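Novice: In this note's numbering, the protein residues as written are 16 to 397.
#1: Distance, Cα to Cα, residue 301 vs residue 215?
#2: Near residue 254, which residues of its chain fall below 6 Å by C-beta distance, leaving aside the five closest residues on each side in sequence?
#3: Would residue 136 be called buried (16 or more neighbouring beta carbons within 10 Å of its own) or exposed?
#4: Tell me the residue span of the alpha helix (DSSP H) that contains residue 291.
#5: By the three-class DSSP mapping on this structure, what secondary structure does residue 241 have?
#6: Classify residue 251 as buried or exposed, calling it buried when 16 or more other Cβ atoms lie within 10 Å of its own Cβ.
#7: Rounded to whole angstroms, what's the CA-CA distance from residue 72 to residue 275? Just pull it up for me.
#8: For residue 85, which option in 162, 174, 314, 153 has the closest C-alpha, if you only look at C-alpha atoms?
#9: Quick one, are the C-beta atoms of residue 217 and residue 191 less than 7 Å apart?
#10: Apply the 10 Å Cβ neighbour rule to residue 261 and answer buried if 16 or more other Cβ atoms are within range, or exposed otherwise.
#11: Is it buried or exposed for residue 183, if we count other Cβ within 10 angstroms and need 16 for buried?
#12: Which residue from 389, 369, 329, 200 puts its Cα closest to that of residue 352?
#13: Suppose the cutoff is 8 Å on Cβ atoms and the five residues either side in sequence are ignored; what does the same chain contact list for residue 96 look like?
#14: Are at least three pairs of beta-carbons, each pair with one atom in the stretch 284-295 and one in the stretch 266-274, less than 8 Å apart?
#15: Between residue 333 and the rest of its own chain, which residues show a CB-CB distance below 6 Å, the 5 nearest in sequence each way excluded?
#16: Which runs of the alpha helix (DSSP H) fall wholly inside the stretch 190-263 and span at least 4 residues, in chain order?
#17: Go through its chain and collect everything with a Cβ distance to residue 82's Cβ below 8 Å, but skip five positions before and after it.
#18: What does the alpha-carbon distance come out to for the pair residue 443 and residue 77?
#19: Buried or exposed for residue 92, please, with buried defined as at least 16 other CB atoms from any protein chain shown within 10 angstroms of its CB.
#20: Please check the pair residue 176 and residue 368, which I expect to be a contact at CB under 8 Å, by giving their CB distance rounded to whole angstroms.
#21: Cα separation between residue 160 and residue 268?
#22: Does residue 212 pass the burial test, meaning 16 or more other C-beta atoms within 10 Å, or should it be called exposed?
#23: Quick one: give me the first and last residue of the alpha helix (DSSP H) that residue 129 is part of.
#24: Report yes if the CB atom of residue 315 is closer than 7 Å to the CB atom of residue 305, and no otherwise.
#25: Beta-carbon separation of residue 371 and residue 180 under 7 Å?
#26: Keeping to the same chain, check which residues put their C-beta closer than 7 Å to that of residue 238; ignore five residues upstream and five downstream.
#27: Quick one: grab the DSSP three-state call for residue 117.
#28: Looking only at its chain, what residues have a beta carbon closer than 8 Å to the beta carbon of residue 66, apart from the 5 residues adjacent to it on each side?
#29: Once DSSP output is grouped into helix, strand and coil, what is the label at residue 330?
#30: For residue 386, which residues in the same chain have their Cβ closer than 8 Å to its Cβ, ignoring the five residues on either side in sequence?
#31: Near residue 74, which residues of its chain fall below 8 Å by C-beta distance, leaving aside the five closest residues on each side in sequence?
#32: Determine the direct distance from the alpha carbon of residue 281 to that of residue 335, and round the result to whole angstroms.
#33: Would the beta-carbon of residue 319 fall within 7 Å of that of residue 298?
#34: Which value, in whole angstroms, describes the spacing of the CA atoms of residue 377 and residue 247?
What follows is the structure in structure tokens.
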């Protein structure tokens with residue numbers, strides 16, 4: 016259970032602050048003490064979400080230091096304080112963890128106070144119970160590396176192209192306003208400038224800009240809220256199919272990055288799905304219902320919105336009897352999914368680049384033809 020640190024102030028009857036202290040309690044404890052039903056507390060889900068407050072690289076470095084302490088035979092009270100001193104990202108919870116160390120808490124319990132990925136904490140907790148702590152830390156590190164690899168697969172090029180696309184829309188909605196203001200000043204001074212089709216387009220864009228931004232924003236919001244319905248209706252149409260492939264592939268990678276390390280620790284399928292529900296509650300519920308009805312995990316995933324590469328690759332999971340062979344198959348499938356994701360990101364990046372460049376060149380061409388050339392022909396200075 017995820018435990019959080021709170022600062023509590025004590026106020027007297029005259030509304031004077033007497034003192035403040037730091038306490039640690041779980042979400043369930045807090046709700047119980049306040050007599051609040053968990054279902055009525057909208058933020059209760061914070062207990063179940065993965066905490067990604069610390070960068071993955073920092074988490075890997077922390078777990079490397081923890082592994083070194085475990086392998087050297089030191090106790091948690093010997094190696095953890097120095098780790099807390101050396102990593103600034105842990106400073107907010109340092110006092111709390113130091114106080115809990117002397118209470119005989121296990122490593123996983125202490126890590127749960129920190130902003131370490133909670134699935135890593137679960138993996139390490141399983142290792143403590145099975146007496147295989149050192150290997151469980153390696154498994155937790157492997158999980159973080161998979162997570163990092165997935166993040167890197169989301170190409171920075173795609174992100175940069177999205178910024179260029181936003182710039183293109185900014186030019187389309189920004190330049191016409193400048194042109195209209197200039198023409199208004201010329202008219203106010205009793206001068207005239209020739210109009211052409213491009214000029215009329217600029218005037219139209221200026222008149223449409225406010226409504227256009229509202230309409231564009233509304234369309235984006237509706238698509239975001241009804242993404243599943245949108246993809247179901249238009250997912251087969253290029254280029255929407257590219258973005259659908261990105262979403263389904265990332266969903267499959269996320270499932271696999273959780274399933275693989277927990278399966279390696281020996282966890283049962285139901286326990287793994289419980290952990291998976293912290294990320295995708297709807298998908299986990301669908302899988303649990305099918306498995307309860309006697310459907311194998313390999314068949315159950317076929318009915319979810321995962322990529323076809325994952326579905327076809329995962330089909331043979333139950334037919335493999337050797338555990339190591341299963342892990343090898345999962346590793347190969349993960350690599351194939353990451354490769355697919357990189358390909359889809361490149362395709363999406365190229366598509367966005369074409370759209371952005373087309374918009375930018377079009378508005379610049381219209382600007383030159385409808386604004387610059389008329390001024391030159393009439394001898395009016397900008």
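Positions of the beta carbon are idealized from the N, C-alpha and C atoms, including for glycine.
Please read all numbers here as calculations on a predicted model, not as lab measurements.
Specialist: So, to answer that:
#1: 55 Å
#2: 366
#3: buried
#4: 284-291
#5: coil
#6: exposed
#7: 20 Å
#8: 153
#9: yes
#10: buried
#11: buried
#12: 329
#13: 113, 116
#14: yes
#15: 311, 313
#16: 212-240, 242-249
#17: 149, 152, 153, 156
#18: No answer is possible for residue 443: it lies beyond the span of the chain, which begins at 16 and ends at 397.
#19: exposed
#20: 5 Å
#21: 13 Å
#22: exposed
#23: Note, residue 129: premise wrong, no alpha helix (DSSP H); not H, not E.
#24: yes
#25: yes
#26: 245
#27: coil
#28: Because the pLDDT at residue 66 is just 40, under 50, the model does not fix this residue reliably, and the value given afterwards should be weighed accordingly. Counting only Cβ-Cβ distances below 8 Å, and skipping sequence neighbours, we find 17, 130, 131, 132, 133.
#29: coil
#30: 194, 197, 213, 214, 217
#31: 131, 132, 135, 159
#32: 16 Å
#33: yes
#34: 33 Å
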